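Heads up, the thing below is written out as structure tokens.
There are 2 protein chains.
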Amino acid sequence: MDVIAPIADMRQWSRQALIAGKRTAFVPTMGALHRGHISLVEKARTLADRVVVSIYVNPTQFDNPEDLAKYPQTLEADLAMCREAGVDAVWTPQTAEMYPDGYCSFIDVVGPLTDKLCAVARPGHFRGVCTVVAKLLGVVRPDVAVFGQKDLQQCLVVSRMVGDLNIGTEIIVAPTVRESDGLAMSSRNRRLSPDQRARALGLPRGLELARQAYRAGQVTSLKLIEIVAEELLVHEGVDLDYCDVVSLKGFKESEFADDACVLAAAVFVDGVRLIDHVPLAGQSIPVKAD
Amino acid sequence: MDVIAPIADMRQWSRQALIAGKRTAFVPTMGALHRGHISLVEKARTLADRVVVSIYVNPTQFDNPEDLAKYPQTLEADLAMCREAGVDAVWTPQTAEMYPDGYCSFIDVVGPLTDKLCAVARPGHFRGVCTVVAKLLGVVRPDVAVFGQKDLQQCLVVSRMVGDLNIGTEIIVAPTVRESDGLAMSSRNRRLSPDQRARALGLPRGLELARQAYRAGQVTSLKLIEIVAEELLVHEGVDLDYCDVVSLKGFKESEFADDACVLAAAVFVDGVRLIDHVPLAGQSIPVKAD
Numbered sequence: 005m006d007v008i009a010p011i012a013d014m015r016q017w018s019r020q021a022l023i024a025g026k027r028t029a030f031v032p033t034m035g036a037l038h039r040g041h042i043s044l045v046e047k048a049r050t051l052a053d054r055v056v057v058s059i060y061v062n063p064t065q066f067d068n069p070e071d072l073a074k075y076p077q078t079l080e081a082d083l084a085m086c087r088e089a090g091v092d093a094v095w096t097p098q099t100a101e102m103y104p105d106g107y108c109s110f111i112d113v114v115g116p117l118t119d120k121l122c123a124v125a126r127p128g129h130f131r132g133v134c135t136v137v138a139k140l141l142g143v144v145r146p147d148v149a150v151f152g153q154k155d156l157q158q159c160l161v162v163s164r165m166v167g168d169l170n171i172g173t174e175i176i177v178a179p180t181v182r183e184s185d186g187l188a189m190s191s192r193n194r195r196l197s198p199d200q201r202a203r204a205l206g207l208p209r210g211l212e213l214a215r216q217a218y219r220a221g222q223v224t225s226l227k228l229i230e231i232v233a234e235e236l237l238v239h240e241g242v243d244l245d246y247c248d249v250v251s252l253k254g255f256k257e258s259e260f261a262d263d264a265c266v267l268a269a270a271v272f273v274d275g276v277r278l279i280d281h282v283p284l285a286g287q288s289i290p291v292k293a294d
Numbered sequence: 005m006d007v008i009a010p011i012a013d014m015r016q017w018s019r020q021a022l023i024a025g026k027r028t029a030f031v032p033t034m035g036a037l038h039r040g041h042i043s044l045v046e047k048a049r050t051l052a053d054r055v056v057v058s059i060y061v062n063p064t065q066f067d068n069p070e071d072l073a074k075y076p077q078t079l080e081a082d083l084a085m086c087r088e089a090g091v092d093a094v095w096t097p098q099t100a101e102m103y104p105d106g107y108c109s110f111i112d113v114v115g116p117l118t119d120k121l122c123a124v125a126r127p128g129h130f131r132g133v134c135t136v137v138a139k140l141l142g143v144v145r146p147d148v149a150v151f152g153q154k155d156l157q158q159c160l161v162v163s164r165m166v167g168d169l170n171i172g173t174e175i176i177v178a179p180t181v182r183e184s185d186g187l188a189m190s191s192r193n194r195r196l197s198p199d200q201r202a203r204a205l206g207l208p209r210g211l212e213l214a215r216q217a218y219r220a221g222q223v224t225s226l227k228l229i230e231i232v233a234e235e236l237l238v239h240e241g242v243d244l245d246y247c248d249v250v251s252l253k254g255f256k257e258s259e260f261a262d263d264a265c266v267l268a269a270a271v272f273v274d275g276v277r278l279i280d281h282v283p284l285a286g287q288s289i290p291v292k293a294d
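Residue numbers (the numbering used here), protein chains in the order written: chain A, 5 to 294; chain B, 5 to 294.
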């Protein structure tokens with residue numbers, strides 16, 4: 005497995021793969037890898053001859069300096085996991101090269117995809133995401149890139165941006181991987197103490213209760229949102245950031261839920277931000293009792 | 005010479021060139037080709053094995069609908085000039101494919117490069133330029149792209165954007181080509197009647213007079229700008245849009261001129277907008293008497 009830091013080296017690696025007629029699949033990550041990431045790598049391996057993983061905690065997508073400072077970094081363990089998973093190259097861009105002095109170019113997706121949910125809760129977040137993803141794709145130039153559905157809005161924004169800007173990479177969205185108790189895998193889960201971890205379960209549990217209510221006939225979005233909020237209230241120190249029913253048709257908030265909708269929520273557990281999404285038509289979340 | 009319209013076909017053409025180990029140089033144009041464009045093609049031919057020219061009047065960079073509607077379109081003549089100049093492929097993207105319904109991704113360069121001159125005079129212009137250039141480069145993926153110095157601010161903005169976003173194309177700026185009387189070549193010159201054409205000469209003549217004054221010791225920017233304005237006032241129907249002395253060190257307006265400065269101006273001749281730039285350290289403009 006090649007471990008590459010300089011942009012020019014990564015670009016050269018990719019160019020040689022292309023000239024050799026190899027298809028490249030790319031999994032961009034912020035490190036602190038978990039089984040969710042590895043599921044993306046496994047998906048990538050089915051789609052191409054070569055798999056590249058990037059590990060880069062991109063500062064421009066953090067609206068909160070504390071969240072950035074506390075973002076877990078576990079490079080040696082990450083490299084071991086990538087090696088184990090059969091990754092061909094890990095790229096670890098350096099901020100001095102990614103955002104040199106005078107850096108001033110940014111990409112925005114405007115409209116329904118970025119006027120709600122995480123876009124409102126984290127100003128500038130998607131500008132940072134779009135910009136860094138375009139930069140990473142510009143260097144790696146993969147045929148396909150794989151993103152995790154846990155960050156559903158990010159998947160939609162990135163997919164739109166990559167298509168609009170003719171970047172030439174196919175965007176694949178792979179299913180959310182969950183812990184056995186239902187919590188969506190996230191690098192931020194490492195920041196939770198066992199007690200916080202138990203309280204965080206209110207998020208998938210609330211979403212699953214709301215999903216069950218929808219399946220039982222409750223289609224009023226406000227009622228579904230109430231179900232999530234009430235479940236979260238059971239525990240102190242769990243604060244709702246947002247919860248909305250959004251239709252994937254046009255990515256609009258929907259007064260009434262249907263099978264094209266997802267229930268999207270973000271919470272803070274003692275300051276650690278966690279997000280999750282449940283397609284109302286989709287599979288149940290395997291939420292265990294406490 | 006291949007003439008290609010669909011994005012997928014152009015992408016495939018470029019990919020095959022890359023796999024064949026060929027270097028590609030790219031000259032993006034809005035058509036209505038003149039000797040200035042052909043000089044860019046000739047430069048491109050010295051830099052690569054294959055030369056691609058795009059012809060596309062990009063609607064998103066026009067702040068003025070009338071300017072867009074009246075932009076000259078001369079496709080058959082353009083193709084003949086490209087064939088004559090030894091171009092390998094001409095790409096003619098179609099707006100329905102470039103900006104499909106729901107298009108919503110845009111690129112901005114922020115800071116000194118886009119807070120003055122054409123950026124102020126034409127709101128949204130550089131957002132449109134950056135976005136379309138990134139799209140064109142995403143499809144053609146050239147090793148190098150050649151731009152004309154007449155649009156100096158555009159060259160600087162595009163160069164910054166391409167570097168910042170790691171697009172992987174080298175940006176080359178080729179000198180302005182002028183008519184024998186000194187007027188910078190521009191597709192918009194075709195919209196000028198002989199009388200308007202004569203009056204438009206006030207622009208290069210004013211810039212040249214100011215340049216000569218600088219060479220003779222006048223370093224106060226306001227005085228140099230006055231010289232340009234006075235020359236333009238000689239003719240009715242020539243309106244100054246802007247005139248500034250800008251240092252290429254940091255792209256800041258400069259109270260006093262030095263050899264790192266350019267004199268930049270834009271005028272309207274009966275509504276036709278023309279721009280020109282003169283490096284104060286550079287060669288004289290061959291301005292003839294009336």
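Quick reminder that beta carbons are idealized off the backbone N, C-alpha and C, glycines included. Just so it is clear, the structure is predicted and the values come from calculations on it, not from any experiment.
query: Should A/Gln158 go down as buried or exposed, given a rule of 16 or more other Cβ atoms within 10 Å for buried?
result: Walking along the first sequence from the start, residue 158 of chain A turns up at place 154. Looking at its Cβ environment, which holds 16 or more other Cβ atoms inside 10 Å, A/Gln158 is buried.
(message) Please state the DSSP three-state secondary structure of A/Glu174.
(response) Stepping through the first sequence from its first residue, residue 174 of chain A is reached at position 170. If DSSP states are grouped into helix, strand and coil, A/Glu174 belongs with the strands.
Point to revise | Short-range partners of chain A found in the segment 243 to 259 of chain B, where Cβ spacing is below 8 Å | key: For the segment 243 to 259 of chain B, the set of residues with a beta-carbon nearer than 8 Å to any beta-carbon of chain A is empty.
Which partner residues does A/Pro283 have in the DSSP bridge list?
Locating residue 283 of chain A in the first sequence gives position 279, counting from the first residue. Residue pairing for A/Pro283: DSSP places it in a beta bridge opposite A/Val266.
Could you give the residue range of the beta strand (DSSP E) that holds B/Asp6?
-> Counting from 1 along the second sequence, the entry for residue 6 of chain B is found at position 2. From DSSP, the beta strand (DSSP E) with B/Asp6 extends over 6 to 8.
| said: With a threshold of 6 Å on Cβ separation, who are the neighbours of B/Ser163 within its own chain once the five nearest residues in sequence on each side are excluded? | reply: For the purposes of this step, residue 163 of chain B is taken as the residue at position 159 of the second sequence. Correct list, in chain order: Ile175.
Worksheet item: Among residues of its own chain, excluding the 5 on either side of B/Arg203, which ones have a beta-carbon nearer than 7 Å to its beta-carbon?
Response: Here residue 203 of chain B refers to the residue found at position 199 of the second sequence. The residues are His239, Gly241, Val242, Val273.
ask   = Where B/Val181 and A/Pro97 are concerned, what is the direct C-alpha to C-alpha distance, given to the nearest angstrom?
value = Residue mapping note: residue 181 of chain B aligns to position 177 of the second sequence, counting from 1. Residue mapping note: residue 97 of chain A aligns to position 93 of the first sequence, counting from 1. If you take the alpha carbons of B/Val181 and A/Pro97, they lie about 41 Å apart.
_To test your reading of the DSSP string, which unbroken beta strand (DSSP E) runs of 3 or more residues are found completely within the segment 93 to 160 of chain B?_
93 to 95, 109 to 113, 148 to 152
Take every Cβ of the segment 257 to 276 of chain B, pair it with every Cβ of the segment 204 to 219 of chain B, and state whether three or more of those distances are shorter than 8 Å. yes
Alpha carbon to alpha carbon, how far is B/Ala52 from B/Met14?
Here the question's residue 52 of chain B lines up with position 48 in the second sequence. Here the question's residue 14 of chain B lines up with position 10 in the second sequence. Their backbone Cα atoms lie some 17 Å apart in a straight line.
Check: Which residue comes first and which comes last in the alpha helix (DSSP H) that contains B/Arg215?
Finding: One-based indexing of the second sequence puts residue 215 of chain B at position 211. Counting along the chain, the alpha helix (DSSP H) containing B/Arg215 begins and ends at 206 to 219.
Spatially closest choice to B/Ala29 from B/Asp6, B/Asn193, B/Val56, by CA coordinates = Walking along the second sequence from the start, residue 29 of chain B turns up at place 25. Out of B/Asp6, B/Asn193, B/Val56, B/Val56 has the C-alpha closest to the C-alpha of B/Ala29.
Q) Per DSSP, B/Ser251 forms a beta bridge with which residues? A) Within the second sequence, the letter at position 247 stands for residue 251 of chain B. DSSP output for B/Ser251 lists B/Lys256, B/Cys265 as bridge partner(s).
What residues in the segment 145 to 174 of chain B bring their beta carbon closer than 7 Å to a beta carbon of chain A?
In summary, the residues of the segment 145 to 174 of chain B whose CB is separated from some CB of chain A by less than 7 Å are Arg164, Met165, Asp168, Leu169, Asn170, Ile171, Gly172, in the order they occur in the chain.
For a quick check, are the C-beta atoms of B/Cys108 and A/Gly35 less than 7 Å apart? As a working note, residue 108 of chain B is residue 104 in the second sequence. As a working note, residue 35 of chain A is residue 31 in the first sequence. Not in contact: B/Cys108 and A/Gly35 (Cβ atoms no closer than 7 Å).
What in chain B is Cβ-close to A/Gly286, meaning under 8 Å?
Working through the first sequence from its first residue, we reach residue 286 of chain A at position 282. In chain order: nothing, as chain B lies at least about 24 Å away.
- Task: Give the DSSP-derived three-state secondary structure of A/Pro76 in the structure shown.
- Result: Residue mapping note: residue 76 of chain A aligns to position 72 of the first sequence, counting from 1. Coil, per DSSP.
Exercise. Is the segment 30 to 50 of chain B touching the segment 112 to 126 of chain B, taking contact as three or more C-beta pairs under 8 Å?
Worked result: no
Would the beta-carbon of B/Leu205 fall within 7 Å of that of B/Ala214? Locating residue 205 of chain B in the second sequence gives position 201, counting from the first residue. Locating residue 214 of chain B in the second sequence gives position 210, counting from the first residue. It is not a contact, given that the beta carbons lie outside the stated cut-off.
### Task
Pull up the CB-CB distance for A/Gly186 and A/Val291, whole angstroms please, since I reckon it's below 8 Å.
Numbered from 1 along the first sequence, position 182 holds the residue referred to as residue 186 of chain A. Numbered from 1 along the first sequence, position 287 holds the residue referred to as residue 291 of chain A. The Cβ separation is near 4 Å, so the contact holds.
* Other residues of its chain near B/Gly90: CB distance less than 8 Å, five sequence neighbours each side excluded -> Mapped onto the second sequence, residue 90 of chain B falls at position 86. Here the set comprises Val45, Arg49, Val55.
Under the three-state DSSP convention, the category A/Val61 falls into: Translated into the one-based positions of the first sequence, residue 61 of chain A becomes position 57. Three-state result, A/Val61: coil.
key: Limits of the unbroken alpha helix (DSSP H) element including B/Ala21   = Here residue 21 of chain B corresponds to residue number 17 of the second sequence, with the count starting at 1. From DSSP, the alpha helix (DSSP H) with B/Ala21 extends over 11 to 23.
Point to revise | A/Cys134 to B/Val223 span [Cα, whole Å] | key: Taking the first residue of the first sequence as 1, we reach residue 134 of chain A at position 130. Taking the first residue of the second sequence as 1, we reach residue 223 of chain B at position 219. About 44 Å.
If the cut is a Cβ gap below 7 Å, which residues of chain A does B/Tyr107 touch?
Walking along the second sequence from the start, residue 107 of chain B turns up at place 103. Going along chain A in sequence order, the residues near B/Tyr107 (Cβ under 7 Å) are Asp168.
Item to complete: Would you please state the rounded distance, in angstroms, between the beta carbons of A/Lys139 and B/Leu141? I believe it to be under 8 Å.
Response: Taking the first sequence and counting its residues from 1, one reaches residue 139 of chain A at position 135. Taking the second sequence and counting its residues from 1, one reaches residue 141 of chain B at position 137. The Cβ separation is near 14 Å, so there is no contact.
ask   = Just reading off the alpha helix (DSSP H) that A/Ala233 is part of, what are its end residues?
value = One-based indexing of the first sequence puts residue 233 of chain A at position 229. Boundaries of the alpha helix (DSSP H) harbouring A/Ala233: 225 to 237, taken from the DSSP string.
Enumerate in chain order the residues of its own chain whose CB-to-CB distance from A/Leu284 is below 7 Å, with the five nearest sequence positions on each side excluded.
Your numbering for residue 284 of chain A matches position 280 in the first sequence. Exclusion of the five residues before and after A/Leu284 leaves Arg215, Tyr218, Ala261, Asp263, Cys265, Val266, Leu267 as the residues of its chain whose Cβ lies within less than 7 Å of its Cβ.
Could you run through the segment 37 to 62 of chain A and flag, in chain order, every residue whose CB is less than 7 Å away from some CB of chain B?
none
- Could you check which residue in A/Tyr60, A/Met85, A/Phe130, A/Ala93 has the C-alpha nearest to that of A/Met102? In the first sequence, the residue the question calls residue 102 of chain A occupies position 98. Nearest of A/Tyr60, A/Met85, A/Phe130, A/Ala93 to A/Met102, Cα basis: A/Tyr60.
Within the same chain, show all residues whose beta-carbon is closer than 6 Å to that of B/Val31, passing over the 5 residues directly before and after it, in chain order.
-> Along the second sequence, one-based indexing puts residue 31 of chain B at 27. The beta carbon of B/Val31 sits closer than 6 Å to those of Leu44, Val45, Ala48, Val57, Val150, all from its chain and outside the five residues before and after it, given in chain order.
**Item:** Assigned exposure category for A/Asp294 - 16 Cβ within 10 Å defines buried
**Value:** Numbered from its first residue, the first sequence carries residue 294 of chain A at position 290. Here the model assigns A/Asp294 a pLDDT of 45, short of 50, so the residue's position is not dependable and the matter cannot be decided.
Identify which residue in B/Ala81, B/Gly286, B/Asn62 has its Cα closest to the Cα of B/Tyr75.
Taking the second sequence and counting its residues from 1, one reaches residue 75 of chain B at position 71. Comparing Cα positions, the closest option is B/Asn62.
Distance check for B/Ser225 and B/Gly167, CA to CA, integer angstroms please.
Residue 167 of chain B sits at position 163 when you count from the first residue of the second sequence. Residue 225 of chain B sits at position 221 when you count from the first residue of the second sequence. Whole-angstrom Cα-Cα distance: 31 Å.
- Below 8 Å CB to CB, which residues in the same chain sit around B/Leu72 once its five sequence neighbours on both sides are set aside? Position 68 of the second sequence holds residue 72 of chain B. Result list for B/Leu72: Val61, Pro63, Phe66, in chain order.
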